[in-house]
Amino acid sequence: MSQYPMTARGAAMLREELNELKTKTRPRIIQAIADAREHGDLKENAEYHAAREQQSFCEGRIQDIEGKLSNAQIIDVTKMENTGKVIFGTTVTIMNLETSKETTYRIVGDDEADIKNNLISVNSPIARGLIGKEVDDVVNIATPNGTVEFEITEVEYV
401 MSQYPMTARG AAMLREELNE LKTKTRPRII QAIADAREHG DLKENAEYHA AREQQSFCEG
461 RIQDIEGKLS NAQIIDVTKM ENTGKVIFGT TVTIMNLETS KETTYRIVGD DEADIKNNLI
521 SVNSPIARGL IGKEVDDVVN IATPNGTVEF EITEVEYV
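When we follow my numbering, the leftmost residue of the sequence shown carries the number 401, and every step to the right adds one.
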C-alpha cells in the first residue's frame, strides 16, 4: 500500500468528517430507509431509492476516509527545523517576475487542496516545481498561459 502525505490539520479534518458520517449521517439515512419502507411497494418508492443511493455514497466515503487515514503519512512541519527548503507542508511566498505580484501558497495533501484558500496539492504543477527549492531560487513553472518565472521570496514552516 502506498502512503498518502497529509498534514496534521488535514488528518484532523478527515477524522472529523468520518465521525460526522458515522454518528450523524449514517443513522439519519438508516432512519430514512426505514421510513420509506413503511410506505409500501419498494419498486415505485422514490424516497426509498434516494435513501439507498445516499447510503451507498455515505458508506463509500467512510471506506475512502478510513483507507486514507490508515495509509496516511502525517507530516507536521511545525516540529521541523526551518532549513529554508520548500517541502511538503511548508508555506511558500513566490513572486511572479513578470508582474511582480506575490502569492502565498501552502503545500498540502490532495484531500486538503483548496486553491481559493491558497492550499495547493503536493501533486500540482506549482508545488512540484517548488519542492526542493530554497529562498531566492528562480523557478519556471508551466501554466495554461505558458511558462512563468517565479522567485521564491519566503519559506515558512508554520
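Built from N, CA and C at the ideal position, the CB exists for glycine as well.
For Q473, the pairing in a beta bridge is given by DSSP as P405. Close CB contacts of V555 within its chain, under the 6 Å cut and outside five residues either way in sequence, are with G484, V486, T490, V492, V535 (chain order). The stretch 430 to 443 and the stretch 514 to 526 do not touch, with fewer than 3 CB-CB distances between them shorter than 8 Å.
A contact between stretches requires three or more CB pairs, one per stretch, nearer than 8 Å, and the stretch 457 to 468 fails this requirement with the stretch 499 to 508. When only Cα atoms are considered, A408 and E417 end up about 14 Å apart. Bridge pairing for G546: T543 [DSSP]. Between I494 and R426, the alpha-carbon positions lie close to 43 Å from each other.
Looking from the CA of G410, the closest CA among S402, R506, T547, H449 belongs to R506. Going by DSSP, L530 is part of the alpha helix (DSSP H) stretching over 525 to 530. Counting the other Cβ atoms within 10 Å of the Cβ of P525 gives fewer than 16, which makes it exposed. Non-local C-beta neighbours of D537 in its own chain, meaning closer than 6 Å and more than five positions away in sequence, comprise I552, ordered along the chain.
The beta strand (DSSP E) runs of length 3 or more contained entirely in the stretch 440 to 491 are, from start to end of the chain, 472 to 475. In this chain, I515 is not harboured by any alpha helix (DSSP H), its DSSP state being neither H nor E. The secondary-structure analysis by DSSP pairs E502 across a beta bridge with M495.
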